[in-house]
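Asker:
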């Protein structure tokens, strides 16, 4: 996803002396004192900067003594361990370790920066495992802790993490705002490692926007900052992004030079993800450069295959299979290429976001080409049709995004944008000069200016319409939870009811209430209460069907609208919603369990005169549930 960390061994004499001292104590069967354990943790963290694998060996060797240490030391242990697992790209282990640290942190009397650090680490782990939504919530939780402690460095890190999720979700404008806030903090602090991190993320953002030159500059700056901070592994991460950026610009010769440097950095303790990515991407560059080295590309993709099985990132495995298929196709090994693509299709079915759209197009394009080469012309035609359909749909979806990207460039007032404006002014002046001096071309110049004005008017109209849509969305959306608000729910309810009447369809309504919500507010405060509302909103949206509408009605009450849904189906969906919420694991640490009560009413065969009457019955059924003990579903028969 965002980061790739390469590991090398750098054992200083000081670390060796400390480890030797600790080992001697163990050999003498003397347990480590609190002071000794603190020293061990300090040097494990220092060791993690250069050799996370060795840091993990050190930490795991002393895990049996963990229970004898104070809670603060235990939490710090898991903080360092989870970070080391992340740097080894062992994301599942990192998630488990950081979760253990967060559980222990609940026993601490006072908030600690360790909590924010652990939340960020766990968020990054599950982000790389594909859960962007869960990662975003964890980043926000960590950011809340950092802000409560006024820790500027941790606040900056939280902003960097949330900004990264935003650009992965294609919210480029908000991502740019968030990352610029982090950059301002990092500049004020003057921390080289932090400046390296923010420049690296800005490079990735501008890469997504298609601004490859700006992305390159940011990656180079990140590399220099990391080198100054003596963060060798993270410097390699930025160097890896430089190579990828060259590949994206089709500067394959330049990319190969950088990949060769990265290849030389591979050590026995390097993460398998790093090794697999370097070999895979080097193979792709060798295949696509001007004088393709297909055989060398094949050898490197085979090397990548030796490490790919241990990689946890779903997208890395998918890209490996696609790259391998393209290499096999160039070698005229069509059947083997199809086998690789079939495996890629299986992985693609488990996709969690639109970051896989390009991969899907690559699979379709090559599949059509392979079937044609094998003489399967009908199949090739059908797949090619799918490819063009998806490609056109994707291009239409990108049109709006491209306009937004141009606006972002204008808002950030980059030098490149300034040059473009000057060039446009010069072109207009040139047209005006031609109009005055060349009468023969006067009509053409007039048409050109008119067309330019028309385009400008169209752009202004687009901007006005877009702002109107944003305003409409704001009036229809609950500001706290992001779901449909009360006013919009009532509007849609009336529309669905009239449609159901006219077309003689069923229409069901849920009135949903969070049980014991006042107790949550009283015990933990409104901040936690608000988080509970947000998480219920997320669960509700995820658990309802695509045709349904889930929104916030008032306070802790929500409403769900289920068009074309009869009583039996409505009751089944309501029970599933109630059970899933009861069994869910919540990201907010203070919330152990949330339950809801649901009242259900269904319009069928003209049994209600209007939507208000239907909603009133659902509310009455909810009241019955609350009076009888909550956490269940009641249906009016």
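Residue numbers (the working numbering): 4 to 640.
For each residue, glycine too, the CB sits at the ideal point set by N, CA and C.
Being a predicted model, the structure only gives us computed values, none of them experimental.
(1) Whose C-beta lies closer than 7 Å to the C-beta of residue 620 among residues of the same chain, with five residues either side of it excluded?
(2) Looking only at its chain, what residues have a beta carbon closer than 7 Å to the beta carbon of residue 551, apart from the 5 residues adjacent to it on each side?
(3) Does the Cβ of residue 217 have 16 or more other Cβ atoms within 10 Å, making it buried, or fewer, making it exposed?
(4) Would DSSP call residue 575 helix, strand or coil?
(5) State whether the region 105-124 contacts the region 63-76, with contact taken as three or more CB pairs (one from each stretch) at a distance under 8 Å.
(6) Note down, in chain order, each residue of its chain lying with its Cβ closer than 8 Å to the Cβ of residue 251, except the 5 sequence neighbours on either side.
(7) Three or more beta-carbon pairs under 8 Å between the region 335-346 and the region 365-382, yes or no?
(8) If you follow the beta strand (DSSP E) that residue 557 is part of, which residue opens it and which one closes it?
(9) Would you tell me roughly how many angstroms separate the C-alpha atoms of residue 291 and residue 373, rounded to the nearest one?
(10) Return helix, strand or coil for residue 443, following the three-state DSSP convention.
(11) Take residue 282 as the anchor and find which of 181, 623, 267, 627 has the nearest alpha-carbon.
(12) How close, in whole Å, do the beta carbons of residue 554 and residue 481 come, if the pair is a contact with beta carbons under 8 Å?
(13) How big is the Cα-Cα spacing for residue 138 and residue 164?
(14) Can you find a C-beta in chain B that's less than 7 Å from the C-beta of residue 490?
(15) Excluding the five sequence neighbours on either side, which residues of its own chain have a C-beta within less than 6 Å of the C-beta of residue 35, listed in chain order?
(16) Near residue 544, what residues of its chain come up, given a Cβ to Cβ distance below 7 Å and the 5 sequence neighbours on each side ignored?
(17) From residue 557 to residue 484, what distance separates their C-alpha atoms?
(18) Would you kindly work out how many angstroms separate the C-alpha atoms of residue 271 and residue 198, rounded to a whole number?
(19) So for residue 492, helix, strand or coil by DSSP?
(20) Between the alpha carbons of residue 166 and residue 154, how many angstroms are there, rounded?
(21) Please work out which residues of its chain come closer than 7 Å, Cβ to Cβ, to residue 606, disregarding the five sequence neighbours upstream and downstream, and give them in chain order.
(22) At which residues does the alpha helix (DSSP H) containing residue 107 begin and terminate?
(23) So does the region 587-598 actually touch the region 527-546, counting three or more Cβ pairs closer than 8 Å?
(24) Measure how close the beta-carbons of residue 516 and residue 599 come, nearest whole angstrom, since I'm counting them as under 8 Å.
(25) Could you check which residue in 132, 172, 133, 120 has the C-alpha nearest to that of residue 142?
(26) Among 158, 325, 306, 89, which has the Cα closest to the Cα of residue 236?
(27) Any idea if residue 178 is buried or exposed, counting beta-carbon neighbours within 10 angstroms, 16 or more meaning buried?
(28) According to the neighbour-count rule (16 or more other Cβ atoms, all chains shown, within 10 Å of its Cβ), is residue 301 buried or exposed?
(29) Can you tell me the Cβ-Cβ gap for residue 204 and residue 188, rounded? I've got them flagged as a contact below 8 Å.
(30) Below 8 Å, can you find three or more Cβ-Cβ pairs linking the region 146-161 to the region 118-132?
(31) Extract the residue ranges of the alpha helix (DSSP H) inside the region 27-98, only unbroken runs of 4 or more that lie entirely within it.
(32) For residue 370, name the three-state secondary structure that DSSP assigns.
(33) So the candidates are 175, 351, 529; which of them puts its Cα closest to the Cα of residue 323?
(34) DSSP state of residue 133, grouped into three classes?
Answerer: In short, the structure shows the following:
(1) Close CB contacts of residue 620 within its chain, under the 7 Å cut and outside five residues either way in sequence, are with 604, 639 (chain order).
(2) 563, 564, 565
(3) Buried, by the Cβ-count rule.
(4) helix
(5) Yes: at least three Cβ pairs fall under 8 Å.
(6) Only 210, 215 meet the Cβ criterion.
(7) yes
(8) Boundaries of the beta strand (DSSP E) around residue 557: 552-557.
(9) 18 Å
(10) Low per-residue confidence applies at residue 443: pLDDT is 45, beneath 50, and the placement is therefore not dependable, though the value from the model is reported in the following sentence. Residue 443 falls in the helix class under three-state DSSP.
(11) Measuring from the Cα of residue 282, the nearest candidate turns out to be 267.
(12) 7 Å
(13) Within the model, the alpha-carbon separation for residue 138 versus residue 164 is close to 9 Å.
(14) In the displayed structure, chain B is absent; only one protein chain is listed.
(15) So the qualifying residues of the chain are 68.
(16) 486, 553
(17) 12 Å
(18) 29 Å
(19) helix
(20) 18 Å
(21) 500, 503, 509, 510, 617
(22) 94-108
(23) yes
(24) 6 Å
(25) Minimum Cα distance to residue 142 is reached at 120.
(26) In terms of CA proximity to residue 236, 89 leads the group 158, 325, 306, 89.
(27) buried
(28) The residue is buried, with at least 16 neighbouring Cβ atoms inside 10 Å.
(29) At roughly 13 Å, the Cβ-Cβ gap does not stay under 8 Å, so residue 204 and residue 188 are not in contact.
(30) yes
(31) 37-51, 55-64, 74-90
(32) helix
(33) Its Cα nearest to that of residue 323, the residue 351 stands out among 175, 351, 529.
(34) Three-state DSSP puts residue 133 in coil, outside helix and strand.
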